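Enquirer: This note's numbering applies: residue 1400 is where the sequence shown begins, and numbers increase by one. For glycine and all other residues, C-beta sits at the position ideal for the given N, C-alpha and C. As the structure is a prediction and not an experimental result, all values here were calculated from the model. Once you've had a glance at the structure underneath, I'll fire off some questions.
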Amino acid sequence: MRFMVIVKADKNSEASIMPSEQLLADMGRFNEELAKAGVMRAAEGLHPTSKGVRVKFSSGKKTVIDGPFAETKELVAGFWLWQCKSLEEAIEWLKRAPFEETEVFEAADFGDEFTPELREQEARIRGQVAAKQS
């Protein structure tokens, strides 16, 4: 079964406050476990809504609304796509996530906190995920 795990936005992710190096390292280890177990299919972070737009469709009319958007409880900061045997397995994996309410960006967006070692780990994880999908 496939599952989409949604990481909710919060005031920090909307303010582009980067996670700590420790949290990035913890998330890297967790993502590596997911990849090794064949669970992770994709994992991506989203930028704050200040960099985005919404397109509203109503009565055949399309209206573009520039961000940022005030209601963070309705916003998504990132997601995982997982392949698990059951909902229970997905929940057990999620319970192990080293979460703060935060988002994950592209490697270049993290700055100095995303050390060369963490960048190498990220590349290795993405390679493992791609290889398992081939």
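Leaving aside the five residues before and after Gly1459 along the sequence, list all residues of the same chain whose C-beta is less than 7 Å from its C-beta, in chain order.
Expert: none
Enquirer: Helix, strand or coil: how does DSSP classify Lys1484 here?
Expert: Residue state, collapsed to three classes: coil.
Enquirer: Please tell me whether Arg1406 and Phe1513 are closer than 8 Å, where the distance is taken between their beta carbons.
Expert: The amino acid occupying residue 1406 in the given sequence is Val; Arg does not appear at that position. No.
Enquirer: Per DSSP, which residues does Ala1441 bridge with? Please list them.
Expert: DSSP lists Leu1480 as partners of Ala1441.
Enquirer: Determine the DSSP secondary structure at Ile1464, reduced to helix, strand or coil.
Expert: strand
Enquirer: Going by the CB atoms, is the gap between Asp1425 and Pro1515 shorter than 8 Å?
Expert: no
Enquirer: Compute the Euclidean distance between the alpha carbons of Val1452 and Gly1444, then round it to the nearest angstrom.
Expert: 16 Å
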